[in-house]
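Protein chains: 2
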Amino acid sequence: MDPKHGYLTHLECADCATAYDATVEQHRCTCGGILLARYDLAAVAAAVTPALLAARPWSAGLWRYAELLPMADPADRVTLGEGATPLLPLPWLGAELGLDVWLKDEGLNPTGTFKARGAAVGVARARLLGAGTLALPTAGNAGAAWAAYGARAGVPVVVAMPRDAPPLTQHEVRLYGARLHLVDGLISDAGAWVAEGVQREGWYDASTFKEPYRLEGKKTLGLEIAEQLGWTAPDWILYPTGGGVGLVGLWKAFNELRALGWLAPDRPLPRLVAVQAAGCAPVVRGWEAGATATEFWQGAATVAAGLRVPGPLAGGLMLRILRETGGTALAVDDPTLRRALGELARHGLWLCPEGAALLPALRRLRASGRLAAGARVVLLNTGAGLVYPEVEPLA
Amino acid sequence: MDPKHGYLTHLECADCATAYDATVEQHRCTCGGILLARYDLAAVAAAVTPALLAARPWSAGLWRYAELLPMADPADRVTLGEGATPLLPLPWLGAELGLDVWLKDEGLNPTGTFKARGAAVGVARARLLGAGTLALPTAGNAGAAWAAYGARAGVPVVVAMPRDAPPLTQHEVRLYGARLHLVDGLISDAGAWVAEGVQREGWYDASTFKEPYRLEGKKTLGLEIAEQLGWTAPDWILYPTGGGVGLVGLWKAFNELRALGWLAPDRPLPRLVAVQAAGCAPVVRGWEAGATATEFWQGAATVAAGLRVPGPLAGGLMLRILRETGGTALAVDDPTLRRALGELARHGLWLCPEGAALLPALRRLRASGRLAAGARVVLLNTGAGLVYPEVEPLA
């Protein structure tokens, strides 16, 4: 184990498998592919077991999985208490559909969304590699999270977002002391502005999938779900898909757990389902067309701000993951999603609109016969309703 | 251990020590005093140890402390994933003041505040005792929490709050399907309306300290802090004080832990500090006057909605606890509190205004010489800034 980088050995392109040195700043493969952090999993398996993990204090949150994260020294961590979120059984929904259903509630994170996981590890790793100013475009939530973790770490952050991104998130970015740049357009336009600053100012490009470590933080979602289910995989995980870091993270987590021998070997990986908004569904369109890449979605519009990602960089990788795991993709329109928001709240769960979309998606999958009776299903709610007070439920 | 009520033996009046049957609905002592839940602590100590506790899954949140909670059957629990919140070291503040400072961040709870703890146990216990409709007045946050937990438990909830309580909280109460009643006045006026309904409609009175179990949920705050500090007590805990359930809960927790023999016996209980808003400071006024009861605060006004409690029922008990633990009470004005809100955010911590008041309070205590160098201090942040987006920080 390296005293600085832990069990991390190198970075590997998800497309062409080219290896990169992980001890210096890296962003993407020369082929344009996404870089995945690779670990010495044999050494990890020799160093830690589920039983040892179980004895670690809960208070460490996602850092309990230290050996599967890209740093060794606890002093290099940046934490606001992210991770260790609940997996809530939903017996009312299970009874309705003849399934075992859980909600992984990521609203109980710093800044109210699962973006905290990616920001914690991403900011920590950028600081460790000596990055100066971190810059990223965002549809909303990631900006608040990176601004908060940058402030906690003492690293300056620049956030670009659409002028019509949730006003609360804009407020948060300013509050945390980050520089906020608003663009007339979508996250893709904000991305272009960041790319320019990266060139001109030498900012560290912290855009989705343009640095390899946000994914490592998000990956802990899968590690936690497996641990919470007694080191088994659920049959299905439904994931509200914008940029897709969580989807790729879940896939990476379950693959690493299988390689470690921590999962029952006779069970398949969970089938992953990409749920999108009907007003911005490039992954669903690509899936239905049997394509290997997604096409830019024109005129993206949905109240679920986190799903308004018209051209996700990981589009092709996501389609591959859906195929590989035997999953699927489907879209939910805004009125349906807003009705689900109200229905879930009447069961005590005020989810973000992205998370609310999973309820009608699950019902449709069950009605179509894709999900067998008794299947074990996890709905991944990416944030708290509190983050989107302006999205009104429909009756 | 009783299969229904666990190690709970009876209820005891905090003022006159009269005992009450805990197996039926109880509210207050005939003398007007607050009822405290009492346990067979010798049997608890024989049944569980800190080492056994450490092996329990983190995912159970505050229910990890099952033997110190008033129910035995996990099926009787009501949970949205409350508790198990982080205790964040604040090295920048510790360095400034020559102290060891931690922030217990209760914003990472369902509904974004520590009220979730009280509501989880309070609602669960009310349901177990066969309560019908639960009713409570609130300055804001407790209403959202009880509405959410009532919805989760399938128990109807009526919430009364000042018309000028935070709009977001009003929205939440409606969203969760509870009945919302707005009064032109303060929490005390809302309380009068609830009391009438309790008489007329037979509602279960879930008002602060008018049922004994909300306190049991809040008590887990102290249990967690002790566990997170390796089963030691901090020297000081600063607590933003409205109704005072958390303050009484901390005191009760540390007393129970000492009785269990889980704390180092040679250390005193933590000194508890009640921090209030200058615009509503009945506990501070009572403390400074050396009184044994608080007087109703006329014209209560502060941006920290949770501190706008002009006549806390536990006023006398709080003053006794401050004396007993060698603590103190002090008030912070709104501009100072709002400046602290901004300063904390620039360190990555967007607290609720109540929590932000603790920063200037700590500085004043340190400057006054009350806190010795090297003291171990916990600041108890009661909720997330997200819950109060309308409170602007001052530069």
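Read top to bottom, the protein sequences are chains A and B. Start counting the first sequence at 75; every next residue gets the next number (the working numbering). Start counting the second sequence at 75; every next residue gets the next number (the working numbering). All residues carry an ideal CB built from backbone N, CA and C; glycine is no exception.
Per DSSP, cross-strand counterpart(s) of residue i
i: B/Thr37; result: The question about residue 37 of chain B has no answer here: the residues shown for chain B are numbered 75 through 469.
i: B/Met235; result: B/Leu256
i: B/Leu110; result: B/Glu86
i: B/Tyr278; result: B/Leu208
i: A/Leu396; result: According to DSSP, A/Leu396 bridges with nothing at all.
i: B/Trp176; result: B/Pro163 and B/Val452
i: A/Gly80; result: A/Asp76
i: A/Gly402; result: The question names Gly, yet the displayed sequence has Thr at residue 402 of chain A. The partner list for A/Thr402 (beta bridge, DSSP) reads A/Val347.
i: B/Ala458; result: B/Leu425
i: B/Cys354; result: B/Ala351
i: A/Ala93; result: A/Glu86
i: B/Arg102; result: B/Ile108
Cβ pair residue i, residue j closer than 8 Å
i: B/Pro184; j: B/Leu154; result: yes
i: B/Asp179; j: B/Arg450; result: no
i: B/Ala193; j: A/Ala158; result: no
i: B/Arg191; j: B/Leu127; result: no
i: A/Val98; j: A/Leu203; result: yes
i: B/Thr456; j: B/Asp408; result: no
i: A/Gly360; j: A/Ala352; result: no
i: A/Ala222; j: B/Gly422; result: yes
i: B/Leu109; j: B/Tyr94; result: yes
i: A/Arg412; j: A/Glu362; result: no
i: A/Ala111; j: A/Val383; result: no
i: A/Asp147; j: A/Lys189; result: no
i: B/Arg444; j: B/Thr402; result: yes
i: B/Ala355; j: B/Ala405; result: yes
i: A/Ala205; j: A/Gly318; result: no
i: A/Gly400; j: A/Leu468; result: no
i: B/Ala374; j: B/Leu242; result: no
i: B/Ala435; j: B/Val347; result: yes
i: A/Ser262; j: A/Gly459; result: no
i: A/Leu256; j: A/Arg237; result: yes
i: B/Ala307; j: B/Leu343; result: yes
i: A/Leu334; j: A/Ala119; result: yes
i: B/Val61; j: B/Gly217; result: The structure shown has nothing for residue 61 of chain B, since chain B only spans 75 to 469.
i: B/Ala117; j: B/Met75; result: yes
i: A/Leu433; j: A/Leu418; result: yes
i: A/Pro144; j: A/Trp336; result: no
Buried or exposed (CB count within 10 angstroms, at least 16 for buried), residue i
i: B/Glu285; result: buried
i: B/Asp309; result: buried
i: B/Ser442; result: exposed
i: B/Pro240; result: buried
i: B/Gln302; result: buried
i: B/Gly106; result: exposed
i: B/Cys103; result: buried
i: A/Pro163; result: exposed
i: B/Glu246; result: buried
i: A/Gly320; result: buried
Residue range of the beta strand (DSSP E) that includes residue i
i: B/Ile311; result: Trp310 to Pro314
i: A/Thr410; result: First-last for A/Thr410: Asp408 to Ala419, but that is the alpha helix (DSSP H), not the beta strand (DSSP E).
Delimiting residues of the alpha helix (DSSP H) encompassing residue i
i: B/Thr243; result: Pro241 to Leu249
i: B/Leu324; result: Val319 to Leu334
i: B/Thr294; result: Arg288 to Gln302
i: A/Tyr139; result: Neither: A/Tyr139 is in no alpha helix (DSSP H) and is coded neither H nor E.
i: B/Arg438; result: Leu432 to Ala441
i: B/Arg226; result: Asn215 to Ala227
i: A/Val377; result: From DSSP, A/Val377 is part of no alpha helix (DSSP H); its letter is neither H nor E.
i: B/Ala121; result: Leu115 to Ala121
i: B/Pro124; result: Pro124 to Ala128
Task: Stretch pair the region 271-280 of chain B + the region 294-313 of chain B: three plus CB contacts closer than 8 Å - done: By the Cβ test, the region 271-280 of chain B is not in contact with the region 294-313 of chain B, since fewer than three Cβ pairs between them sit closer than 8 Å.
Task: Three or more C-beta pairs below 8 Å linking the region 223-236 of chain B and the region 389-401 of chain B - done: Contact between the region 223-236 of chain B and the region 389-401 of chain B is absent, because fewer than three Cβ pairs lie under 8 Å.
Open item on the list: For the pair the region 376-390 of chain A and the region 415-429 of chain A, tell me if three or more CB-CB distances fall below 8 Å.
Closed with: By the Cβ rule, the region 376-390 of chain A counts as touching the region 415-429 of chain A, because three or more pairs are nearer than 8 Å.
Task: Cβ contact check for the region 321-341 of chain B and the region 293-306 of chain B: 3 or more pairs under 8 Å - done: With three or more CB-CB distances shorter than 8 Å, the region 321-341 of chain B counts as touching the region 293-306 of chain B.
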